[in-house]
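For reference, the structure discussed in these notes is given below.
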Amino acid sequence: MVMGGAFYTADRTADSLTITDESVKDTGSADAVDSWSTDIVRKAGEEAKEEVDTETYFRPSKLPALNNRYHYQQIEQYYSEKPSKVELPASFFQSPEDTILNYFSILREAAYLEKGKAAGCGTLGESQIPYPIAYNFLTKAYQDRLSYKKYLKTFKNILHTSLLKYHSVPVYDRKDDTLRYFVELETIEGTEKSQGVFAYYYGFIDLQKEDGLYKISNLEFHGEDYLCAPYHGWAYDGEIYVKVKYGDWCDMIDKMYPIKQEGYIKNISFHGKDGKDYLIVFYQLTNGTDIEIAQYQREGDGEWKLIKLNPEDCVKDKNNKK
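The opening position of the sequence shown corresponds to residue 0 in numbering that gives the first Met the number 0, with each subsequent residue numbered one higher.
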């Protein structure tokens, strides 16, 4: 697990990490907190003229960090409390977007140093102080599945977190009131060389209403790879992916339509041999990989309807016919 959610490697199989309920020592303290939002650098005796853009040091990416809400006055009273003593304002959970932005804003400066690994110098951000607060963004059912001790250990070696993208996505496998969002995160992690490295994750957040508030009911993350696509590119490029899986494997494509892309959302559509139009929606990650998000079908000028196709079944059918 990582950052409170199931973690999947590049081949999308769940990792085998087993987490025990052993005690976890919290090395953070309220006295060690330094607010990055108010840091000002100046010479001795010189008046402060402008705030320094510390983002330059935290992350080189050009994508803005979206988790930039400040809640210190509302949460500082819980800095030394156990998770069970934390009572967050209802305003944090008024919409799914509020919940996501507030959750990752609280976790932004959290840092759980792993023994034998390091990055930076001195106290890092807010150390482990934010985790009990963030844990209260989970539904009671999720907390029953994931104890606080296990939740805390999933953040080991995550020293800074920036939310780069979030967007609602269709929910295929659940018919209750679950809402699902795609997210992409940029983290700073420590190494045995005491050198901070950037690591990227994409994942999905499920939310459900609990007592009228949007709480997180599940978290799932996938690590991004920067060496797979350059050497094994077809599965990572949306256009080739569609042509191979829906064309070569399933023999569905009559003709391709022009690709439409707005920001990181890429829509690839084709006219099927059955006379229907198909739309495959991808989200593009920071490493350039296109991740398939949803499939739609329509007849004529009708509305797009969400469908679920599994191209791997086409391969199985072909093999069974041999």
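Even glycine gets a Cβ: it sits at the ideal position worked out from N, Cα and C.
- DSSP places residue 259 inside the beta strand (DSSP E), whose first and last residues are 259 to 261.
- Residue 205 has its alpha-carbon roughly 10 Å from the corresponding atom of residue 138.
- Proximity to residue 278 across 250, 74, 245 peaks at 245, based on C-alpha coordinates.
- Each of 190, 271, 259, 300 was checked against the Cα of residue 250, and the nearest Cα belongs to 271.
- Nearest neighbour of residue 197 by Cα position, chosen from 262, 173, 224, 186, turns out to be 186.
- Remark: C-beta atoms of residue 156 and residue 87 do not approach each other more closely than 8 Å.
- DSSP, read as helix, strand or coil, puts residue 3 in coil.
- In this structure, DSSP gives residue 280 an extended state, which the three-state scheme calls strand.
- Counting along the chain, the unbroken alpha helix (DSSP H) around residue 104 starts and ends at 95 to 106.
- The Cβ atoms of residue 3 and residue 201 lie no closer than 8 Å to each other.
- With a beta-carbon spacing of about 5 Å, residue 165 and residue 182 fall inside the 8 Å limit used to define contacts.
- Apart from the 5 residues on each side of it in sequence, residue 162 sits with its Cβ closer than 7 Å to the Cβ of 64, 65, 66, 103, 182, 184 in its chain, given in chain order.
- For residue 168, the beta-bridge partners assigned by DSSP are 179.
- Put simply, the backbone Cα of residue 291 is about 36 Å away from that of residue 192.
- C-alpha of residue 226 to C-alpha of residue 199: approximately 13 Å in a straight line.
- Within its own chain, the residues whose Cβ lies closer than 6 Å to the Cβ of residue 108, once the five positions on either side in sequence are excluded, are 124, 125, listed in chain order.
- Following the DSSP letters along the chain, one finds residue 314 in no beta strand (DSSP E) but inside the alpha helix (DSSP H) bounded by residues 310 to 320.
- Below 8 Å, enough C-beta pairs join the segment 82 to 98 and the segment 206 to 213 to call them touching: three or more.
- The beta-carbon separation of residue 116 and residue 189, rounded to 4 Å, stays under the 8 Å limit for a contact.
- Residue 71: member of the alpha helix (DSSP H) spanning 71 to 74, first to last residue.
- Residue 281 and residue 289 do touch by the CB rule: their CB atoms are close to 4 Å apart, below 8 Å.
- Per DSSP, residue 242 is not a residue of any alpha helix (DSSP H), being assigned neither H nor E.
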